[in-house]
Structures are given as C-alpha cells and as structure tokens.
Amino acid sequence: MEIIRGKQASFMDAAALTAVTEDYPSVHLDLGTGDGRYVAHQAVAQPRHFVIGLDACRENLVEVSRRAPGNSLFVIANALDLPGELDGMADSLSINFPWGSLLEGLLLADSPLWASLRRVTRPGTRLDVRLNGGALAEAHWSLETGAVQIRRMLIEQGFALRPAEKLTAGDLKAFPTSWAKRLAFGRDPRAIHLTGLRQV
Ligand SMILES: C[S@@+](CC[C@H](N)C(=O)[O-])C[C@H]1O[C@@H](n2cnc3c(N)ncnc32)[C@H](O)[C@@H]1O
Numbered sequence: 641m642e643i644i645r646g647k648q649a650s651f652m653d654a655a656a657l658t659a660v661t662e663d664y665p666s667v668h669l670d671l672g673t674g675d676g677r678y679v680a681h682q683a684v685a686q687p688r689h690f691v692i693g694l695d696a697c698r699e700n701l702v703e704v705s706r707r708a709p710g711n712s713l714f715v716i717a718n719a720l721d722l723p724g725e726l727d728g729m730a731d732s733l734s735i736n737f738p739w740g741s742l743l744e745g746l747l748l749a750d751s752p753l754w755a756s757l758r759r760v761t762r763p764g765t766r767l768d769v770r771l772n773g774g775a776l777a778e779a780h781w782s783l784e785t786g787a788v789q790i791r792r793m794l795i796e797q798g799f800a801l802r803p804a805e806k807l808t809a810g811d812l813k814a815f816p817t818s819w820a821k822r823l824a825f826g827r828d829p830r831a832i833h834l835t836g837l838r839q840v
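The sequence shown runs contiguously to residue 840 in the working numbering.
Take a look at the structure:
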C-alpha cells in the first residue's frame, strides 16, 4: 500500500506493516482522516497504541506526516477499495465527518465500502462514525434521516450500535479534528455520533 511521510511517498507491504505494528497492543484506523490531526492527537495521547490515518487526498497529509509520532502511519488510498495489507488490522475504526464518496458509501446498501470495512475489521472491532448536517445535506439527506439510514446499514453489516448521540457545538469544539473545529464555529454545528462493536 502507498504510505506518505512529508512529500515522500513509498510502498509498504504486509510484512513491513506487521513489523511496525506488532509491538503495540492495538491498532486504530481512521478513514477519511483529512489533514491527519486526529491521528497525530491520538498517537500522542495513547503512545502504547498504533494509529493509522487514511485518505484519498495526499496533499493534506504532507504536513502532519512529516512530523508524525513513531506510533502512527499515513496511507493514501480509497476507502471504498482498502489495501489488502490492512485486512484484519483494525481493533478500532473511526470515520469522522465523512463527505463525498465515503459518505455516499455509508448511505448505500450496495456500496463497495462494506466489503472494504468487513476486510479490515474483525468481530470485536469498535466503530465510531461522526456525521454532520452540512455533508448530509449535500448528499440530499437531513442529519436525522441520514444518521438513521447509516445506522441501519451498519447494523446490517454486523455492528451492534448504541443509540445515536447528538453532538453539540461544545462537543465539536472539544473534539480533536480540524473539521470538528470548523463545524463548531460554522453555521450548522449539528452532528451525530454512532458507536458500537462489530458482532459477526
Ligand atoms: C470533511 S473531511 C473530514 C476530515 C477529518 N476526518 C476531520 O474530521 O477533520 C472528509 C475527508 O474524507 C475524505 N474522503 C472522502 N471520500 C473518501 C474516500 N473514498 N476514500 C478516502 N478518503 C475519502 C476526503 O478526502 C476528506 O479528507
């Protein structure tokens, strides 16, 4: 799979990925990581755990990956066709404020995203999805109906989810991603958090 550190892109195979992660008790995968701020934050906050950020857009990852902590890695890939090197790797997985094809993938029953997610997770993997009203409006859903639809899709895919939780502007301000901050201070600071565990 293609990884990035600063402006330098290279390829990492499954054996090399195992070698860099094997001393850590858990691996977290953040899909649609944007500028990678969440990954950098989690890697510093939890130095005994390994954190992987993945996004289709390489430009946003140049800065954060240049000074990334040793327990983090940045991957350039399409979440709808995740690299085989990540198969079975995720003890926990987050998708924070998705838009575009990643959000559409979560909304559609026949999206290739589901096969990707099933490959990289295992029974017991924790999932956190945070959705915002503006992105769903662009996809022609309201925040509430979009969240209900995505919750239904995730349950169909074998995730047992807690009831959806509304996030306030205060919650967004405190959440360590760039998009959360932007939403918190923007015109539509409404978001919903879905969380649960993969059962089967
Ligand atoms: C609104 S931004 C959120 C970024 C980050 N999670 C945050 O909270 O700051 C959505 C991100 O999803 C990424 N994205 C959209 N579709 C994707 C796909 N199919 N595969 C990988 N990344 C995707 C975009 O490139 C963008 O960086």
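Positions of the beta carbon are idealized from the N, C-alpha and C atoms, including for glycine.
{"query": "Glutamate 642 - containing beta strand (DSSP E), residue span", "result": "642–645"}
{"query": "Presumed contact (8 Å Cβ cut-off) between valine 760 and leucine 726, rounded CB distance", "result": "5 Å"}
{"query": "Cβ neighbour criterion (16 or more within 10 Å) applied to aspartate 695", "result": "buried"}
{"query": "Whole alpha helix (DSSP H) elements within the segment 691–745, 4-residue minimum", "result": "702–706"}
{"query": "Three-state secondary structure (DSSP) of glutamate 805", "result": "strand"}
{"query": "Cβ-heavy atom distance, aspartate 695 to ligand 1, below 7 Å", "result": "yes"}
{"query": "Aspartate 750, DSSP secondary structure in three states", "result": "coil"}
{"query": "C-alpha distance - histidine 780 paired with alanine 719, whole-angstrom precision", "result": "21 Å"}
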